[in-house]
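Student:
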Amino acid sequence: MFILQKVFLYDFKEASYVKTDYTQKSSDCLGCALANKEAFVHVVYENDYVCCFLDHDPFNEGHTLILPKKHFGYVDEFDSVPMQ
């Protein structure tokens with residue numbers, strides 16, 4: 007009999023970004039800084055709404071991050087903004 011077990015490579019309970027409230031836009035939001043290229047990123051695609059760039063430490067070759075340029079506190083807020 008096999009027992010499946012989830013193995014986490016990172017301790018999410020101790021991660022400072024998990025403890026930080028990012029629902030309100032602030033100057034220390036890493037996602038906003040990366041999407042607006044305030045830090046070095048290797049951009050593979052960009053438009054008025056999103057920035058797509060390669061992960062600096064990927065698990066798999068070609069791992070690409072897609073982040074909105076506008077700050078969102080929760081993923082379900084994406085649908086409330088019309089993207090034409």
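This note's numbering puts the first residue of the sequence shown at 7, with every later residue one more than the last.
Glycine included, every Cβ here is placed at the ideal spot set by N, Cα and C.
Kindly indicate the opening and closing residues of the alpha helix (DSSP H) around C38.
Tutor: Its alpha helix (DSSP H) spans residues L36 to A41.
Student: What residue does the beta strand (DSSP E) around P50 start on, and which one ends it?
Tutor: Here the sequence assigns Val to residue 50, which means Pro is not the residue at that position. V49 to E52 is the span of the beta strand (DSSP E), which, as asked, contains V50.
Student: Could you give the DSSP three-state label for F78: helix, strand or coil?
Tutor: Coil at F78, not helix or strand.
Student: Count the C-beta pairs between the stretch 77 to 86 and the stretch 50 to 59 that are closer than 8 Å, then say yes if the count reaches three, no if not.
Tutor: Contact fails: fewer than three Cβ-Cβ distances are below 8 Å.
Student: Counting C-beta neighbours from all protein chains within 10 Å, is the total for V47 16 or more, i.e. buried, or is it exposed?
Tutor: So V47 ends up on the buried side.
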